[in-house]
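Q: Numbering (our numbering), first residue to last: 184 to 527.
For each residue, glycine too, the CB sits at the ideal point set by N, CA and C.
The structure under discussion is supplied below as C-alpha cells; questions concerning it will follow.
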Amino acid sequence: MSQSKNEIPVLIAALGITAAVAAGGVWWLRQRFDGGSSGLSAQNQPVPAATESAANLTVPTGRFKYGGSTSWAPIRGATEPLIQQTWPDFELVYESPPSQSPSSAVGIQMLMQGALDFAQSSRPLSDAEKQQAQQQGLSLVEIPVMTEAIAIAVHPDLSLPGLTLAQLKAIYTGDVTNWQAVGGPALSVVPVARSDRGGTVQFFQSAVLGGAAFSPNLQRAATTTAALRQVSSTPGAIYFASAPEVVGQCTVVPLAIGRSEQQLVAPYRQPYIPPADCPTRRNQLDLAAFQNQTYPLTRPLLVVVNANGQPAEQAGRAYAQLLRSPTGQQLLLQLGFVPLSAER
C-alpha cells in the first residue's frame, strides 16, 4: 500500500488505535472472523448491527487493485495488513492515481477505465457518473459499508458555541463574511476547502449548500494536513473534513453544529478536552451521536464495483462484506466509523 507523505501527519490521531488493534495479531482476526464470541468494545459506543458473517464469505484468489477516497485512508492502514495475513491469497494493492490527487471522483474514474478492480467512495455516484458508466456498458453498484461524520474545524481562539447548518451554508456561500454575524468576534471569516474533485467537498456542497456555489473568497488547500495547519494559524479560518481527521487534533477546535441554535451537537464526547491538555489527552468521537443522527452531518462510505460477474467484482464485494462482518464493524468503531443499521 502506498500513502502520500502529506497525508501522514493528519492521520496520526485517527490511527492512534491501529497499533493496538494490530497488536492482537492474526490470531485475533482469525478467531473473530471464524466465529469468536466477543469482539472489541468501547464505553458509550454503539453496538454493531451488521449481519454479514465473515466465516461464510467466499474470498477470491488473486491480486486486486483498489483506491479512491482519502477518507478511507485510516481504514486501509488498519485492515489491509490483517486481511493480507489472514487470507494470503486475497492480495489487495492500493493504487495511487498516476498524475493527480486521490479522491472519490478519481477512484470511480479509474474503476471505469479498468485501472482499479473496485473503488472506495465517500459519496454516492453522481448522475454524470451513472450516465458515463451506462454509455460504457458498465453496471456500477454501490455497497454501503459504514457511516462517518463531517466535522467543522476552527481556530482555538474563536469564541463561538457552534453553528447551525444554515449559518454554515451562509459562511461557505459568502453570505456571511464576518464571524460577528453568527455570534462570534469581529473577525473576517476565512473559509477553506479542498479540491472540488474530493468526495467530502462534493458531499458538503450538496448536503449543506444545497448545490449552491462556494464563496468567491474560498481558499483551497491541497490536503487536509495543509488545511488544518492553515486553520491553526489563522484565527478566522474554518474547514470541514472527515471527523476522525479533525476531532483528535491538538491545534484546532471541532465546532458543534445543529439544525437550530437550540440543537447544537458536538462531534466529540463530553467533557471537551482543551488544546492545552493535548496530546496527553485527546477528544474522542461521539459515535452514538453520529449513529442516532442527533449530529446532523453524516454520510455513508461505499465500495463501488462493476457488476460483471468477474473476479474484480467478487473482490470488491468480499472486501465490503469483510468490513460489514461483526468483527470488521468493531474494528471500524475503533477507527471512528459507525456500523450500518441492520436494515441496510
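(1) In the segment 261 to 333, which residue ranges form an unbroken beta strand (DSSP E) of at least 3 residues, counting only runs that do not cross its ends?
(2) Verify the CB distance criterion: does L516 have a CB-CB separation below 9 Å to chain E?
(3) Would you mind reading off the limits of the beta strand (DSSP E) that contains Q348?
(4) Given this structure, state the Cα-to-Cα distance separating E444 from A376, to the nearest angstrom.
(5) Going along the chain, which residues of its own chain have a beta-carbon closer than 6 Å to the beta-carbon of E360, five neighbours each way excluded?
(6) Which of the three DSSP states, helix, strand or coil, is assigned to I529?
(7) Work out the CA separation of P374 and A420 for me, nearest whole Å.
(8) Determine contact between the segment 291 to 309 and the segment 319 to 327, defined as no fewer than three beta-carbon pairs at a distance below 8 Å.
(9) Within 10 Å of its beta-carbon, does D379 have 16 or more other beta-carbons around it, so buried, or fewer, so exposed?
(10) Quick check on Q517: buried or exposed, where buried means 16 or more other Cβ atoms within 10 Å of its Cβ?
(11) Taking the alpha carbon of Q457 as the reference point, which residue from V435, L470, A410, W255 has its own alpha carbon closest?
(12) Report the residue ranges of all beta strand (DSSP E) runs contained in full by the segment 394 to 454; include only those spanning at least 3 residues, in chain order.
(13) In whole angstroms, what is the alpha-carbon distance linking T463 and Y455?
(14) Between the beta-carbon of P494 and the beta-carbon of D272, is there less than 9 Å?
(15) Going straight from the alpha carbon of R246 to that of E274, what length do you get?
(16) Measuring only the C-alpha atoms, how far is Q214 from T244?
(17) Quick one: give me the first and last residue of the alpha helix (DSSP H) that T481 is part of.
(18) Output yes or no for whether 9 Å exceeds the beta carbon distance between S342 and P368.
(19) Is the segment 461 to 477 in contact with the segment 274 to 288, if contact means three or more CB pairs nearer than 8 Å?
(20) Using three-state DSSP, classify V391 as helix, strand or coil.
(21) Let me check one thing: in DSSP terms, what residues is A245 bridge-paired to?
(22) Taking only three categories from DSSP, how would you classify A336?
(23) Between which residues of its own chain and R482 is the CB-CB distance below 6 Å, once the five residues before and five after are set aside?
(24) According to DSSP, what are the bridge partners of N361?
(25) Please report the straight-line C-alpha distance between V448 and A349, rounded to a whole angstrom.
(26) Mapping the DSSP letters down to three states, classify G345 as helix, strand or coil.
(27) What residues in its chain sit with their C-beta under 6 Å from that of A424, if we drop five residues either side in the sequence?
(28) Could you please give me the residues that DSSP links to V521 through a beta bridge?
(29) Taking the alpha-carbon positions, what's the G441 to G431 distance?
(30) With distances taken from CA atoms, which of K248, V328, D310 is nearest I258?
A: According to the structure data:
(1) Whole beta strand (DSSP E) segments, 3+ residues: 273 to 277, 301 to 304.
(2) In the structure shown, chain E cannot be found, because there is only a single protein chain.
(3) Counted from its first residue, the sequence shown places residue 348 at position 165. The sequence shown places Leu at residue 348, not Gln. No beta strand (DSSP E) contains L348, which is instead part of the alpha helix (DSSP H) from 348 to 356.
(4) Here residue 444 refers to the residue found at position 261 when the sequence shown is read from its first residue. Here residue 376 refers to the residue found at position 193 when the sequence shown is read from its first residue. If you take the alpha carbons of E444 and A376, they lie about 24 Å apart.
(5) Position 177 of the sequence shown holds residue 360. In the sequence as presented, Glu is not what sits at residue 360; that position holds Thr. These residues qualify, in order along the chain: V372.
(6) The question about residue 529 has no answer here: the residues shown for the chain are numbered 184 through 527.
(7) Within the sequence shown, numbered from 1, the residue matching residue 420 stands at position 237. Within the sequence shown, numbered from 1, the residue matching residue 374 stands at position 191. Taking the straight line joining both Cα atoms gives about 6 Å.
(8) yes
(9) What you label residue 379 is simply residue 196 of the sequence shown in a count that begins at 1. Result: exposed.
(10) Translated into positions along the sequence shown, residue 517 becomes position 334. Under this definition Q517 is a buried residue.
(11) Translated into the one-based positions of the sequence shown, residue 457 becomes position 274. As written in the sequence, residue 457 is Pro, which differs from the Gln given in the question. Residue V435 is the option with its Cα nearest to P457.
(12) 420 to 425, 436 to 438
(13) If you number the sequence shown from 1, residue 463 lands on position 280. If you number the sequence shown from 1, residue 455 lands on position 272. Going from the Cα of T463 to the Cα of Y455 covers about 14 Å.
(14) Translated into positions along the sequence shown, residue 494 becomes position 311. Translated into positions along the sequence shown, residue 272 becomes position 89. Not closer than 9 Å, so no.
(15) As a working mapping, residue 246 is identified with position 63 in the sequence shown. As a working mapping, residue 274 is identified with position 91 in the sequence shown. Between R246 and E274, the C-alpha separation is close to 5 Å.
(16) In the sequence shown, residue 214 corresponds to position 31, counting from 1. In the sequence shown, residue 244 corresponds to position 61, counting from 1. Because Q214 carries a pLDDT of 39, less than 50, the predicted location of this residue cannot be relied on, and the following value inherits that uncertainty. Near 21 Å, if we compare the C-alpha coordinates of T244 and Q214.
(17) Within the sequence shown, the letter at position 298 stands for residue 481. Not the alpha helix (DSSP H): T481 falls in the beta strand (DSSP E), residues 481 to 489.
(18) The sequence position of residue 342 within the sequence shown is 159, counting from 1. The sequence position of residue 368 within the sequence shown is 185, counting from 1. Taking the C-beta atoms as reference points, P368 is found nearer than 9 Å to S342.
(19) no
(20) Within the sequence shown, residue 391 is the residue found at index 208, counting from 1. Correct three-state label for V391: coil.
(21) Indexing the sequence shown from 1 puts residue 245 at position 62. It is worth fixing the name first, because residue 245 is Gly in this sequence and not Ala. DSSP lists F273 as partners of G245.
(22) The residue you call residue 336 lines up with position 153 of the sequence shown. In this structure, A336 counts as strand in the three-state DSSP scheme.
(23) Residue 482 sits at position 299 when you count from the first residue of the sequence shown. Contacts found: F386.
(24) The residue given as residue 361 occupies position 178 in the sequence shown. Bridge partners of N361: S371.
(25) One-based indexing of the sequence shown puts residue 448 at position 265. One-based indexing of the sequence shown puts residue 349 at position 166. Cα to Cα, the separation comes out at about 15 Å.
(26) In the sequence shown, residue 345 corresponds to position 162, counting from 1. In this structure, G345 counts as coil in the three-state DSSP scheme.
(27) Here the question's residue 424 lines up with position 241 in the sequence shown. Close CB contacts of A424 within its chain, under the 6 Å cut and outside five residues either way in sequence, are with T407 (chain order).
(28) Here residue 521 corresponds to residue number 338 of the sequence shown, with the count starting at 1. According to DSSP, V521 bridges with T330.
(29) For the purposes of this step, residue 441 is taken as residue 258 along the sequence shown, with counting starting at 1. For the purposes of this step, residue 431 is taken as residue 248 along the sequence shown, with counting starting at 1. If you take the alpha carbons of G441 and G431, they lie about 20 Å apart.
(30) In the sequence shown, counting from the first residue as 1, residue 258 sits at position 75. Nearest option by C-alpha distance: V328.
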